[in-house]
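Read in order, the letters of the first sequence are residues 2 to 589 in this note's numbering.
For glycine and all other residues, C-beta sits at the position ideal for the given N, C-alpha and C.
This structure is a prediction, so every number in the text was calculated from the model and none was measured.
Reviewing the structure listed below.
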Amino acid sequence: MDKATIADVLEKIATLLELKGENPFKIRAYVNAARSLETWGGNIADLANEETLEKIPGIGKAIAAKIKELVETGSLKFFDELKAEFPADILELFSLPGLGAKKIKALHEKLQVSNIAQLHEACVAGRVAELPGFGKTTQEKICRAIDERQKYAGTFQLGQIAGEAERLQDDLRSHPDALHVCIAGSYRRRKEIVRDLDFIVATSAPAEISALFIQHPLVESIIAQGPTKSSVRLRSGIQCDLRVVTSAEYPFALNYFTGSKEHNIEVRSRALKRGWTLNEYRLGETPSDPKQTKTPKKIPPVREEADLYRALDLDYIPPELRENCGEFEAAATGKLPRLLEAENLRGTFHCHTTASDGRNSLEEMAAAAQELGLQYLGIADHSRSSIQARGLDEARLRVQLAMIRKLNESFENFRLFAGVECDILRDGSLDFPDAVLAELDYVVASVHSAFTLSEAEMTKRVIRALQNPHVAMLAHPTGRLLLKRDRYAIDIPAVIEAAAETGTWIEINAAPKRLDLDWRWWPLAKEKGVKCVINPDAHGVERLQELWFGVGVARKGWLTRADVVNCLPLGKIQDALEEKRRANGVVE
DNA sequence: GCCGTTTTCGGCCCGACTGTTTTCAGTCG
Numbered sequence: 002m003d004k005a006t007i008a009d010v011l012e013k014i015a016t017l018l019e020l021k022g023e024n025p026f027k028i029r030a031y032v033n034a035a036r037s038l039e040t041w042g043g044n045i046a047d048l049a050n051e052e053t054l055e056k057i058p059g060i061g062k063a064i065a066a067k068i069k070e071l072v073e074t075g076s077l078k079f080f081d082e083l084k085a086e087f088p089a090d091i092l093e094l095f096s097l098p099g100l101g102a103k104k105i106k107a108l109h110e111k112l113q114v115s116n117i118a119q120l121h122e123a124c125v126a127g128r129v130a131e132l133p134g135f136g137k138t139t140q141e142k143i144c145r146a147i148d149e150r151q152k153y154a155g156t157f158q159l160g161q162i163a164g165e166a167e168r169l170q171d172d173l174r175s176h177p178d179a180l181h182v183c184i185a186g187s188y189r190r191r192k193e194i195v196r197d198l199d200f201i202v203a204t205s206a207p208a209e210i211s212a213l214f215i216q217h218p219l220v221e222s223i224i225a226q227g228p229t230k231s232s233v234r235l236r237s238g239i240q241c242d243l244r245v246v247t248s249a250e251y252p253f254a255l256n257y258f259t260g261s262k263e264h265n266i267e268v269r270s271r272a273l274k275r276g277w278t279l280n281e282y283r284l285g286e287t288p289s290d291p292k293q294t295k296t297p298k299k300i301p302p303v304r305e306e307a308d309l310y311r312a313l314d315l316d317y318i319p320p321e322l323r324e325n326c327g328e329f330e331a332a333a334t335g336k337l338p339r340l341l342e343a344e345n346l347r348g349t350f351h352c353h354t355t356a357s358d359g360r361n362s363l364e365e366m367a368a369a370a371q372e373l374g375l376q377y378l379g380i381a382d383h384s385r386s387s388i389q390a391r392g393l394d395e396a397r398l399r400v401q402l403a404m405i406r407k408l409n410e411s412f413e414n415f416r417l418f419a420g421v422e423c424d425i426l427r428d429g430s431l432d433f434p435d436a437v438l439a440e441l442d443y444v445v446a447s448v449h450s451a452f453t454l455s456e457a458e459m460t461k462r463v464i465r466a467l468q469n470p471h472v473a474m475l476a477h478p479t480g481r482l483l484l485k486r487d488r489y490a491i492d493i494p495a496v497i498e499a500a501a502e503t504g505t506w507i508e509i510n511a512a513p514k515r516l517d518l519d520w521r522w523w524p525l526a527k528e529k530g531v532k533c534v535i536n537p538d539a540h541g542v543e544r545l546q547e548l549w550f551g552v553g554v555a556r557k558g559w560l561t562r563a564d565v566v567n568c569l570p571l572g573k574i575q576d577a578l579e580e581k582r583r584a585n586g587v588v589e
């Protein structure tokens, strides 16, 4: 039983208690406990220890006992009894926008609706509109939501919507009345999955900005429209909200809507401790409380976000770190890292060409990398076992190697490195013999087959590959495809440990569908001394730009320039590439 | 149900929009 499963049970308990009409603060306690558990970095084995559990913020005696029961017995009596009070699939109704616990309760009690199919029937028959508190409009809205549910699954990879987001932002910025424009929310925090986009605009002409927004050519439909807030759906299907504020309100709105929710709660609570109240518009004095003995601190002027953090005795916290995963402690003690910037990258290593399944030639990839300002580019086409990707055999690999050596003679201040993305076979051996790997500048190892091994087998398989002195880096360590395919079972802390011991780099695969290794693991990897390499896994020249998404992941993982090897300049990267082989005595 | 540099009791973030009513409840972020 893992953290995510337990957190999911706690969430479901909260939802079911809501349906029962329980005390809202009790409900929130379960939600908070679930959130807290998700971000907690401790040992899974400790989940059966009540004392350790109670040290996790938001988890007290009652919930700790429930988690313990769940871990030890695999089930929870309280949860089972609660579930038995409602139809099995009632929770799916919560996925429809506009429906919350109160409405679902009414639908269930008055119309015996207990799933989406029955709700659809009731709407078509016109019975929903007759309920008190409901009406024709609500009924139509529910019908529409059910229809759109298939089309808009509701979640998007960051890379799927970045183009639309940036275009809309550019167009808002070019309006003469827009003083400041920013996309806040999970987009600004560079979460790998986003549900919506939140635009914040400072302006003295709110009506003009709102009009530009809802009439924008990217807008497919208008969801809501008011003087300060509008919501639309863009062509991609993503919901997009606009908030218009004054210049004075802007830093507060930007901060509030950037989140995360957990981060905001802590920001607000720090304001409260200083006798202030913080909302999305201003920092103000708490209305005088007769019991209040101390006079609150004077409120300093806040003109930008950094001023707000300074007022709360914190260093400026970059948006990517705002997940309430330790950023407050670090910001209060001057220990926030100076995060990696996109401009720090000097090259990258995992790219494909037409030799395997890429769409551009060696020359074209090299030219595109130089245009991006990179000093070097590593070519790593697939190895022979990746039949589906036209993987290279030894002969074709040697032809490519010769071409790269020749091309390098034509470059000034730029270099191609000759590598291979070598399959890690089922037993952990590599797809080429060491003698072949030794001819290359470097080797990227990755899993492309037998995804269904047990966690123990998969972990052993990958660790064996890391122990090969020619393997410089491990690519996409979990094999996940976001919103499409789950990661395979693998013990990531064990892999990190092995990477540290063998001096193997771990990749952040920057392709938006992967973003693997996930940002949540990087603080651990960094602590163990594992170096990161950010690779686009580009199968075409335009995909080199996706390095930008990888930088976002690295920043979310608290990584600095020193943690990411491809920040090294051309003069130093070759040494770094050879280090592992040297340490193992396979090169001079 | 959780929590405490005011507190072991009495708080718990709070504002905008929609739809249904006629002053507000429900939902959302």
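Contact between the stretch 303 to 315 and the stretch 249 to 258 (3+ Cβ pairs under 8 Å) = yes
When you compare only the Cα positions, how much space is there between A118 and V10?
-> 24 Å
Nearest candidate by alpha-carbon position, reference L17, set L169, K84, C241, V233 | Among L169, K84, C241, V233, the Cα nearest to that of L17 is on K84.
Since K230 sits in a beta bridge, which residues does DSSP pair it with?
-> R244
Alpha carbon to alpha carbon, how far is G429 from P494?
-> 18 Å
Short check: CB of A30 to CB of G75, under 9 Å?
-> No, these two residues do not count as a Cβ contact at 9 Å.
Return the chain-ordered list of same chain residues with a C-beta closer than 6 Å to the C-beta of S187, the five sequence neighbours on each side being excluded.
-> Result list for S187: V195, in chain order.
Burial state of G374 (16 or more Cβ within 10 Å) = exposed
A343 and W506 look like a contact to me (Cβ under 8 Å); what is the Cβ gap, rounded to whole Å?
-> Actually they do not touch by this definition, with Cβ atoms about 19 Å apart.
Look up S387 in the DSSP assignment and say whether it is helix, strand or coil.
-> coil
Using the Cα positions of L475 and I14, report the straight-line distance between them to the nearest angstrom.
-> 39 Å
When P177, S205, S231, G572 are compared against D199, the one with the closest alpha-carbon | S231
Limits of the unbroken beta strand (DSSP E) element including L279 = 277 to 279
Own chain residues within Cβ distance below 7 Å of T294, not counting five before or after | For T294, the predicted structure reports a pLDDT of 49, less than 50, and the residue's modelled location is therefore unreliable. A value from the coordinates is still provided. Hits under 7 Å: none found.
Is it right to say S384 is buried, meaning 16 or more other beta carbons lie within 10 angstroms of its own, or is it exposed?
-> That one is buried.
In chain order, what residues of the same chain have a beta carbon less than 7 Å from the beta carbon of F79, not counting five sequence neighbours either side?
-> Setting aside the 5 residues that flank it on each side, F79 is surrounded in the same chain by K67, each with a C-beta closer than 7 Å to its C-beta; the list follows chain order.
Distance, R521 Cα to K292 Cα = Since pLDDT at K292 reaches only 49, below the 50 mark, its modelled position is unreliable, and the value read off the structure follows with that caveat. Their Cα atoms are separated by approximately 43 Å.
Mind listing, in chain order, the continuous beta strand (DSSP E) runs of no fewer than 3 residues lying wholly within the stretch 280 to 367?
-> 284 to 286, 348 to 352
Using the rule of at least 16 other Cβ atoms within 10 Å of the residue's Cβ for burial, across every protein chain shown, is V125 buried or exposed?
-> exposed
What number of angstroms, rounded off, separates the C-alpha of S455 from the C-alpha of D424?
-> 18 Å
Okay, do the stretch 381 to 396 and the stretch 575 to 585 touch, 3+ Cβ pairs below 8 Å being the bar?
-> no
Within 8 Å: the Cβ of L363 and any heavy atom of the ligand FMN?
-> As for the ligand FMN, it is missing from this structure, which has no ligand bound.
What does S447 pair with, by DSSP beta-bridge criteria?
-> D424
Please state if the CB of I210 and the CB of V178 are separated by a distance shorter than 9 Å.
-> In the sequence as displayed, the identity of residue 178 is Asp instead of Val. In this structure, I210 lies closer than 9 Å to D178 by Cβ.
Between the stretch 549 to 563 and the stretch 353 to 372, do at least 3 Cβ pairs fall closer than 8 Å?
-> no
Could you please give me the residues that DSSP links to H181 through a beta bridge?
-> A203
What is the rounded straight-line gap between the Cα of T460 and the Cα of A451?
-> C-alpha separation (whole angstroms): 13 Å.
State the beta-bridge partners of N414 as determined by DSSP.
-> Residue pairing of N414 in beta bridges, as defined by DSSP: absent, with no partner found.
Hey, could you find the ends of the alpha helix (DSSP H) C124 is sitting in?
-> 117 to 125
Taking E19 as part of the alpha helix (DSSP H), name the residues at either end of that continuous run.
-> 4 to 21
V129, enclosing beta strand (DSSP E) - first and last residue | Per DSSP, V129 belongs to no beta strand (DSSP E) and is neither H nor E.
Examine the Cβ distances between the stretch 33 to 45 and the stretch 100 to 109 and report whether three or more of them are shorter than 8 Å.
-> no
For the putative contact between A569 and R347, defined by C-beta atoms under 8 Å, what is the C-beta separation to the nearest angstrom?
-> Correcting the residue identity first, residue 569 is Leu in this sequence and not Ala. Between L569 and R347 a beta carbon distance of about 6 Å is seen, short of the 8 Å cut, so the two are scored as contacting.
Give me the Cα-Cα distance between V220 and N325, rounded to the nearest whole angstrom.
-> In a straight line, the C-alpha of V220 is about 33 Å away from that of N325.
Take R488 and list the residues in its own chain whose beta-carbon comes closer than 7 Å to its own, dropping the five residues that flank it on each side.
-> Exclusion of the five residues before and after R488 leaves T479, G480, R481 as the residues of its chain whose Cβ lies within less than 7 Å of its Cβ.
Could you check what DSSP says for T561 in three-state terms: helix, strand or coil?
-> strand
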